[in-house]
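S.K.: Submitted below is the structure of interest, expressed as structure tokens.
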Amino acid sequence: MRCDAGPQRGVGHLVRCLALAEEFLARGAHVAVFGTVERLPWATAELTARGIPLHPGPETPAELVEAAHRHELDVLVLDSYELDPAGAGALRAAGVFTLAVIDGDSRGQVADLYLDQNFGAELPGPASAAEPPVLPGRLLAGSGYALLRDSVITARPPVPPPATTVSRPRVLAFFGGTDAVGAAPVLTRVLVATGHPMDLTVIVGRPEIEAEVEDVAPGRGQIIRPVPPTSALPKLITEADLVVSAAGTSTWELCCLGAPAALVCVVDNQRESYGRVVRHGLAAGLGELPELTAAGVAGRAARATAARTLHGLLSSPQRRATLAAQAWSTVDGQGRARVVDAVLDAVRAAAVSD
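Numbered per the UniProt record's numbering, the sequence shown spans residues 1 to 354.
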């Protein structure tokens with residue numbers, strides 16, 4: 001697995017690689033991660049707990065090939081927006097089976113297999129006439145291939161949660177493992193602005209985020225509880241009456257767990273997936289983070305609209321249950337098994353043809 005994680009990069013690439021690693025390990029494979037994990041003790045602990053070694057991340061195509069040969073790799077998973085796109089083609093030419101994890105844009109990578117786990121994903125077209133298209137038989141597309149960790153799969157309820165009336169809903173807010181864009185304080189203030197009673201738990205990925213959240217004054221009947229990143233997140237999700245989160249890789253965890261959720265688009269590459277998820281009723285939409293942080297009339301209007309959406313969810317058990325049921329039925333937790341099946345089938349087929 002070639003991926004990176006850190007306070008500014010976030011942890012989405014590492015988390016979905018961990019899910020894939022767990023499936024490969026369960027099939028008897030040997031797994032290693034190549035990359036940088038910066039200032040994230042809990043993330044390195046996750047690797048250690050699974051017995052997965054962490055090696056320095058090769059950057060250039062030549063370095064990728066050298067590392068693959070040195071470690072005698074049969075398969076290399078590339079999950080990065082930063083690596084040279086030519087790396088996938090170089091690995092293939094060197095006889096290393098390559099799976100590129102993408103989010104809509106293949107970045108010109110020429111891989112043996114592509115995975116786009118986003119809801120409604122389809123074949124991306126080439127960015128230019130010189131760029132090769134992704135071939136239909138080589139793309140695993142859609143949330144049926146969502147990569148989810150053991151802790152999420154085992155926490156999946158047998159049925160979506162029913163409509164339950166509560167006077168003070170339990171709300172969970174989290175925005176990735178590090179909250180690289182600082183969304184937690186913004187959405188904490190929007191939640192408080194609903195005026196609705198709530199017991200709010202906010203996952204704070206960095207000390208400066210925690211300080212900002214602690215500065216938010218709760219309203220009547222509201223409790224705000226900042227907590228650090230935790231491996232118990234799936235349990236917190238299933239216990240919440242409403243989850244507020246970023247529209248990143250955690251979206252599929254929320255769906256699998258049947259969580260009634262309201263999402264925020266925090267970075268540009270989430271926009272397309274965010275739009276699809278909201279249009280199909282898998283989650284409520286709160287808008288884009290730059291709109292919610294904008295100054296002046298536009299910013300106040302965006303925050304007021306988001307607060308009204310949240311108030312509607314907090315005050316309506318049926319609306320929350322409808323979202324939860326649609327989400328739960330969309331992601332079944334078997335995506336990573338389908339991906340590994342496809343990889344192993346392709347590797348075996350290549351070995352036979354050789």
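Backbone N, C-alpha and C fix where the C-beta goes; we use that ideal spot for every residue, glycine too.
For the segment 335 to 342 against the segment 18 to 32, do three or more pairs of beta-carbon atoms, one drawn from each stretch, fall closer than 8 Å, so that the two count as touching?
M.R.: Yes, since at least three Cβ pairs between the segment 335 to 342 and the segment 18 to 32 fall closer than 8 Å, the two stretches touch.
S.K.: Pick out the complete beta strand (DSSP E) segments inside the segment 148 to 177, 3 residues or longer, and give them in chain order.
M.R.: Counting whole runs of 3 or more residues, the segment 148 to 177 contains the beta strand (DSSP E) stretches 170 to 174.
S.K.: When DSSP labels each residue in this structure, what does F97 get in the three-state scheme?
M.R.: Locating residue 97 in the sequence shown gives position 97, where the first residue counts as 1. The answer is strand: DSSP assigns F97 an E or B state.
S.K.: Quick check: what's the CA-CA separation for A62 versus G89?
M.R.: Locating residue 62 in the sequence shown gives position 62, counting from the first residue. Locating residue 89 in the sequence shown gives position 89, counting from the first residue. If you take the alpha carbons of A62 and G89, they lie about 11 Å apart.
S.K.: On the three-pair Cβ rule with 8 Å, is the segment 136 to 147 touching the segment 215 to 235?
M.R.: Too few Cβ pairs lie closer than 8 Å, so no.
S.K.: Cβ of T201 within 8 Å of Cβ of L236?
M.R.: In the sequence shown, the residue the question calls residue 201 occupies position 201. In the sequence shown, the residue the question calls residue 236 occupies position 236. Cβ distance < 8 Å, so T201 and L236 count as in contact.
S.K.: Grouping DSSP H, G and I as helix and E and B as strand, with all else coil, what is G219?
M.R.: Within the sequence shown, the letter at position 219 stands for residue 219. Of the three classes helix, strand and coil, the one that applies to G219 here is coil, per DSSP.
S.K.: Beta-carbon within less than 6 Å of Q318's beta-carbon, same chain only, minus the 5 sequence neighbours each way: which residues are those?
M.R.: Along the sequence shown, one-based indexing puts residue 318 at 318. The residues are A163.
S.K.: By the 10 Å Cβ neighbour count, where 16 or more other Cβ atoms means buried, how is V159 classified, buried or exposed?
M.R.: Counting from 1 along the sequence shown, the entry for residue 159 is found at position 159. Flag for V159 reads exposed.
S.K.: What residue range is occupied by the uninterrupted alpha helix (DSSP H) comprising A350?
M.R.: What you label residue 350 is simply residue 350 of the sequence shown in a count that begins at 1. Segment 335 to 353, the alpha helix (DSSP H) holding A350.
S.K.: Starting from the C-beta of G35, find all residues in its chain whose C-beta is less than 7 Å away, skip the five residues before and the five after it, and write them out in chain order.
M.R.: Residue numbering aside, residue 35 sits at position 35 when the sequence shown is read from its first letter. Answer for G35: R2, C3, D4, G57, listed in chain order.
S.K.: Can you tell which of V216, D345, T251 has the C-alpha that lies nearest to the C-alpha of V331?
M.R.: Within the sequence shown, residue 331 is the residue found at index 331, counting from 1. It is T251 whose Cα lies nearest to the Cα of V331.
S.K.: Indicate the three-state DSSP secondary structure (helix, strand or coil) for S231 in the structure shown.
M.R.: In the sequence shown, residue 231 corresponds to position 231, counting from 1. Three-state DSSP puts S231 in coil, outside helix and strand.
S.K.: Less than 8 Å separating the beta-carbons of E288 and V152?
M.R.: For the purposes of this step, residue 288 is taken as the residue at position 288 of the sequence shown. For the purposes of this step, residue 152 is taken as the residue at position 152 of the sequence shown. Result no, Cβ atoms of E288 and V152 do not sit closer than 8 Å.
S.K.: Here's the rule: buried if 16 or more other CB atoms are within 10 angstroms of the residue's CB, otherwise exposed. What is I203?
M.R.: The residue labelled residue 203 in the question sits at position 203 within the sequence shown. Buried.
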